[in-house]
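Comments concern the structure below.
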Amino acid sequence: MAIRGVASTREDMTLEEFKEWLKQFDTDGDGRISRNELREALRRRGGWFTTWKSGRALRQADKNNSGFLDDSEIENLVAFAQKDLGMKISTW
C-alpha cells in the first residue's frame, strides 16, 4: 500500500463537508483559497511535503491562473485531492 501523505481520522467526506473544511482555512475571508491557506489545510490534516503538494494542487486546480482557488474551481481541487492525495470525497 502506498503512503499518500495525508492522514485522516475520517475515511470519507461529502463535497459539502469538503467545502466547509476548506472554508475554515480562508483566513482573510475573501472566499478564495490561497496556496498558503491550502498548505495549512494539508498540514493540519497530517500531510507531508505540504508546500510542494499545495503548489501542485494550485497549478492543477486553478484554471484561470489567478493564484487562488474559488468556488468555480473546487471540483478541480476535489479531483486532485482524490487522485493525488488519496482523499475520499463523495460528490453526491
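Just so we're aligned, residue 1 is where the sequence shown starts under UniProt numbering, counting upward by one. C-beta atoms are modelled at their ideal positions from N, C-alpha and C, and glycine is treated no differently. In this text, all values refer to a predicted model and were calculated from it rather than measured experimentally.
The alpha helix (DSSP H) enclosing residue i, as first and last residue numbers
i, result
"Trp52", "Thr50 to Ala61"
"Asp84", "Ile74 to Asp84"
Residue i (DSSP reduced to helix, strand or coil)
i, result
"Phe68", "strand"
"Met87", "coil"
Cα-Cα separation between residue i and residue j, rounded to whole angstroms
i, j, result
"Asp71", "Phe49", "25 Å"
"Lys23", "Ser34", "11 Å"
"Phe68", "Asp12", "25 Å"
"Gly47", "Gly86", "11 Å"
"Glu75", "Gln82", "10 Å"
"Ala41", "Lys19", "12 Å"
"Lys63", "Arg56", "13 Å"
"Ser66", "Arg44", "24 Å"
"Glu73", "Arg32", "10 Å"
"Arg59", "Leu38", "12 Å"
"Val78", "Ile89", "7 Å"
| message | List, from N- to C-terminal side, the beta strand (DSSP E) runs of 3 residues or more that fit wholly inside the UniProt domain "EF-hand" (13-48). | response | none
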